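Per numbering that gives the first Met the number 0: the sequence shown = residues 0 to 410.
Ideal Cβ positions, reconstructed from N, Cα and C, are used throughout, including at glycine.
It should be emphasised that the depicted structure is a prediction, and the values quoted were computed from it without experimental measurement.
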Amino acid sequence: MKTIVILALLPFVSLSALADKFEGLALSPPMGWNSWNTFGCDIDEGLIKTIADKMVASGMRDAGYQYVNIDDCWHGERDENGFIQPDKTRFPSGIKALADYVHNKGLKLGIYSDAGDKTCGGRPGSNGHEYQDAIQYARWGIDYLKYDWCNTENLSAPGAYRTMRDALAAAGRPVVLSICEWGDNKPWLWGKEMGHLWRTTGDIINCWDCEVDHGSWSSWGILRILDMQQGLRQYAGPDHWNDPDMMEVGNGMSEHEDRAHFSIWAMLAAPLIAGNDLRSMSKSTQKILTHSEVIAVNQDALGVQAFKYKTQNDVEIWFKPLQDKQWAMMILNRGDKKAGVSFDWRNENVVDPDFPGNGQFYTAGFANSRYKIFDLWANKSAGTTKSSLRVSVEPHAVKLYRLEKITSEIH
Ligand code: GLA
0 MKTIVILALL
10 PFVSLSALAD
20 KFEGLALSPP
30 MGWNSWNTFG
40 CDIDEGLIKT
50 IADKMVASGM
60 RDAGYQYVNI
70 DDCWHGERDE
80 NGFIQPDKTR
90 FPSGIKALAD
100 YVHNKGLKLG
110 IYSDAGDKTC
120 GGRPGSNGHE
130 YQDAIQYARW
140 GIDYLKYDWC
150 NTENLSAPGA
160 YRTMRDALAA
170 AGRPVVLSIC
180 EWGDNKPWLW
190 GKEMGHLWRT
200 TGDIINCWDC
210 EVDHGSWSSW
220 GILRILDMQQ
230 GLRQYAGPDH
240 WNDPDMMEVG
250 NGMSEHEDRA
260 HFSIWAMLAA
270 PLIAGNDLRS
280 MSKSTQKILT
290 HSEVIAVNQD
300 ALGVQAFKYK
310 TQNDVEIWFK
320 PLQDKQWAMM
330 ILNRGDKKAG
340 VSFDWRNENV
350 VDPDFPGNGQ
360 FYTAGFANSR
370 YKIFDLWANK
380 SAGTTKSSLR
390 VSVEPHAVKL
400 YRLEKITSEI
410 H
């Protein structure tokens, strides 16, 4: 009798498993590199292999970067059975050989497609071929799929991303699904079921605070993207992240701006996908990208995005709850002049406005608890919260701190 019941349930169990995304692949924000921001369509297997080599040699792999992601324009044609093939001139050895190479380095390989008939770069999209594409990616050994949203006029976004999720599940190889529809259809409301991260904005560009108008769309500087994250933190958490786009660290901004950009991404618990040319990166860029304490803020197991606590003229103060009752704090100077900031801990009631949401919101309690302060970019301790913090912050720069609780006595 028991056997009959179990057998009768089996089909339902496997059917429901088929419809889920692969759980647990992105419990902390994914870290890696992507070809688009620097190389656009000018990519080939030699470049991707060299980047994988550099991820190891630069210490990025050991700092936590895992994914080597090929963006748009790797595609050739579909074969006579409809299976997608890579561009034969640029990827003559095929994607499977590339995946083997990348896996042998202890890294993972990501690829790119689009829910429409064509990708943004005009290559074949997955519309109507989702299951075949997922099978092909699984055969090749792909670990991460960025799925774009060009040429999708008559499609429903949740529907299209659900189809690709189900196709990946059916193909059976665990793949991180990166939803890239630029926030147009509020993916924070449905993306958690379909994928592991979702773009919240249009494309990033390497400037501090600008909009570059391309006619029907714009690309956005760091501060513009930061401001567009307002109201979204409540939707993100382990295995389902807001994605403010791939990074522009090392792509031409000043060192202060790059550090600020990386700190903002760390505070937002954003995916850390580098977008620079690792073959020629400067020591300073390498130091920023591999700063273990800043990465730890981003990867913290609590998985809670920072909130803006206070604004004073050009200065914003952000807090991010961390595990073990620690906090990260960022003082961001958006302006063009140096800013003096003083923060009197005892008079600041820092309480998370959204998490965890059951009446027990994360509370710093600076009036009753003392914390040790670590200045992360300076790599040194900076006293305690016993006395007010007084700092000056350079233009277009941040101060980033980790606060570690030492006692719960009253000051
Ligand atoms: C869109 C995406 C970018 C990039 C390009 C490729 O613009 O948002 O990140 O993938 O397409 O064509």
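Closer than 6 Å: residue i CB and nearest the ligand GLA heavy atom
| i | result |
| --- | --- |
| G31 | no |
| D52 | no |
| G124 | no |
| D242 | no |
| D202 | yes |
| W264 | no |
| D116 | no |
| G194 | no |
| D147 | yes |
| W35 | yes |
| D418 | Because the chain in this structure spans residues 0 to 410, residue 418 falls outside the shown range and cannot be described. |
| D41 | no |
C-alpha gap between residue i and residue j, whole angstroms
| i | j | result |
| --- | --- | --- |
| W35 | H395 | 25 Å |
| M54 | L222 | 28 Å |
| G121 | G39 | 13 Å |
| H74 | Q84 | 6 Å |
| L154 | D19 | 21 Å |
| A170 | F360 | 41 Å |
| S27 | L277 | 23 Å |
| E22 | S380 | 38 Å |
| R232 | K385 | 30 Å |
| I94 | R389 | 54 Å |
| M163 | G201 | 21 Å |
| G382 | R401 | 11 Å |
| E473 | M30 | Because the chain spans 0 through 410 in this model, residue 473 falls outside it and cannot be assessed. |
| D313 | N332 | 6 Å |
| F365 | L288 | 31 Å |
| H255 | S92 | 41 Å |
| A377 | Q311 | 24 Å |
| V349 | I316 | 11 Å |
Closest Cα partner of residue i within the set the options
| i | options | result |
| --- | --- | --- |
| L176 | L106, T406, Y146 | Y146 |
| E152 | R161, D113, A133 | D113 |
| G63 | K282, A273, T284 | A273 |
| F261 | D61, H239, A295, L26 | A295 |
| W240 | T284, K309, M280, W189 | W189 |
| D244 | A235, L271, M252, G230 | L271 |
| Y100 | K309, K336, I263, I47 | I47 |
| C179 | H213, I110, S215 | I110 |
| C149 | D116, E192, R161 | D116 |
Within 7 Å, strictly: CB atoms of residue i and residue j
| i | j | result |
| --- | --- | --- |
| G302 | P352 | no |
| N184 | N250 | no |
| A265 | V293 | yes |
| Y143 | N68 | yes |
| R77 | D43 | no |
| K319 | A305 | yes |
| A137 | A166 | no |
| D242 | W187 | no |
Bounding residues of the alpha helix (DSSP H) (the contiguous stretch that carries residue i)
| i | result |
| --- | --- |
| Y100 | 94 to 103 |
| S283 | 282 to 288 |
| I221 | 221 to 226 |
| Q135 | 129 to 139 |
Residue i, enclosing beta strand (DSSP E) - first and last residue
| i | result |
| --- | --- |
| G109 | 107 to 113 |
| P157 | No beta strand (DSSP E) holds P157; the alpha helix (DSSP H) holding it covers 156 to 170. |
| F342 | 338 to 342 |
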